[in-house]
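Straight run, no breaks: the sequence shown in the working numbering ends on number 634. Quick reminder that beta carbons are idealized off the backbone N, C-alpha and C, glycines included.
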Amino acid sequence: MSVNDIRIEKKLMREHFKHLRASVPDKEAKDLKIRNKLSNLWAYRDARTVFTYVSMGTEVSTIEIIEMALKDSKKVAVPYCIPDTRDMRFYYISSLEDLQPGSFGVLEPRTDKCEAVREHSGICLVPGLAFDRTGRRLGYGKGYYDRFLSNFNGCTVGLTYQSCIADELPSGRYDVKVDVVIHDGGFFTADSR
Numbered sequence: 442m443s444v445n446d447i448r449i450e451k452k453l454m455r456e457h458f459k460h461l462r463a464s465v466p467d468k469e470a471k472d473l474k475i476r477n478k479l480s481n482l483w484a485y486r487d488a489r490t491v492f493t494y495v496s497m498g499t500e501v502s503t504i505e506i507i508e509m510a511l512k513d514s515k516k517v518a519v520p521y522c523i524p525d526t527r528d529m530r531f532y533y534i535s536s537l538e539d540l541q542p543g544s545f546g547v548l549e550p551r552t553d554k555c556e557a558v559r560e561h562s563g564i565c566l567v568p569g570l571a572f573d574r575t576g577r578r579l580g581y582g583k584g585y586y587d588r589f590l591s592n593f594n595g596c597t598v599g600l601t602y603q604s605c606i607a608d609e610l611p612s613g614r615y616d617v618k619v620d621v622v623i624h625d626g627g628f629f630t631a632d633s634r
């Protein structure tokens, strides 16, 4: 499959999974199930630092996860998209008040107030429109997380809804798989197929 074919296929799949995710019933209850599964995951319990996206719209909510991690005395790091690049840097936050609207309307850390993360280990919660059993992720198409995850030294966890688990997702050479996928029906360790 050529690169152009993968891009076209991913674009069509993004539309499909955006629609599926927008129609998830009982979102708050499902977000709670996902949060509870995460809190019992060995990688979360053992991690000193939780790297997490700040959710918006129909994404699995991480606001309560951030609050849970802070309450559990973990360091919480959230991404800041560096302007005019496709790179991001994580910063520690001590509360949700350390966030302000940034790139793409997403809440980001106040870089004038928060400390930049230098050690990239712990657990990283990864956003995605869909995941498959091998840990492949259908992201939003900008490559921010693939670039970051290529140098991450911890456990990577995709958060999604059961309806957004695909049989198989296309993958390019720069796409980075996650180690574990948590959904409202359970979780699985990505297999190495």
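Q: Taking K618 as the reference, give the member of E556, C605, Q603 and C596 with the closest Cα.
A: Counting from 1 along the sequence shown, the entry for residue 618 is found at position 177. Ranking E556, C605, Q603 and C596 by CA distance to the CA of K618 puts C596 first.
Q. Which one or two residues does DSSP pair with H624 in a beta bridge?
A. In the sequence shown, the residue the question calls residue 624 occupies position 183. Bridge partners of H624: G627.
Q) What first and last residue would you give for the alpha helix (DSSP H) that runs through E508? A) Sequence index remark: in the sequence shown, residue 508 carries index 67 (1-based). If you look at E508, you'll find it in the alpha helix (DSSP H) that goes I504 to K512.
Q: With a threshold of 16 other CB atoms inside 10 Å of the CB of R462, please say whether the residue is buried or exposed.
A: Taking the sequence shown and counting its residues from 1, one reaches residue 462 at position 21. So R462 counts as buried.
(Q) Between which residues of its own chain and T630 is the CB-CB distance below 8 Å, once the five residues before and five after are set aside? (A) Position 189 of the sequence shown holds residue 630. So the qualifying residues of the chain are D620 and V621.
Q: Note the first and the last residue of the continuous beta strand (DSSP E) segment covering Y533.
A: Translated into the one-based positions of the sequence shown, residue 533 becomes position 92. That run of the beta strand (DSSP E) goes M529 to I534.
Q | Candidates M529, L566 and E560: closest to P550 by CA position | A | On the sequence shown, position 109 is the one that residue 550 refers to. Relative to the Cα of P550, the nearest Cα in the group M529, L566 and E560 belongs to M529.
Q. For I523, does the count of other Cβ atoms within 10 angstroms reach 16, so buried, or fall short, so exposed?
A. Locating residue 523 in the sequence shown gives position 82, counting from the first residue. I523 is exposed by the Cβ-count criterion.
Q) Counting Cβ pairs, one atom from each stretch, are 3 or more of them under 8 Å apart for the segment 486-497 and the segment 555-570? A) The answer is yes - the segment 555-570 touches the segment 486-497, with three or more Cβ pairs under 8 Å.
Q: State the Cα-Cα distance for the pair D632 and E609, rounded to the nearest angstrom.
A: On the sequence shown, residue 632 is found 191 positions in, with the first residue counted as 1. On the sequence shown, residue 609 is found 168 positions in, with the first residue counted as 1. The alpha-carbon atoms of D632 and E609 are separated by roughly 12 Å.
Q) Would DSSP call C605 helix, strand or coil? A) Locating residue 605 in the sequence shown gives position 164, counting from the first residue. DSSP places C605 in helix when its eight states are reduced to three.
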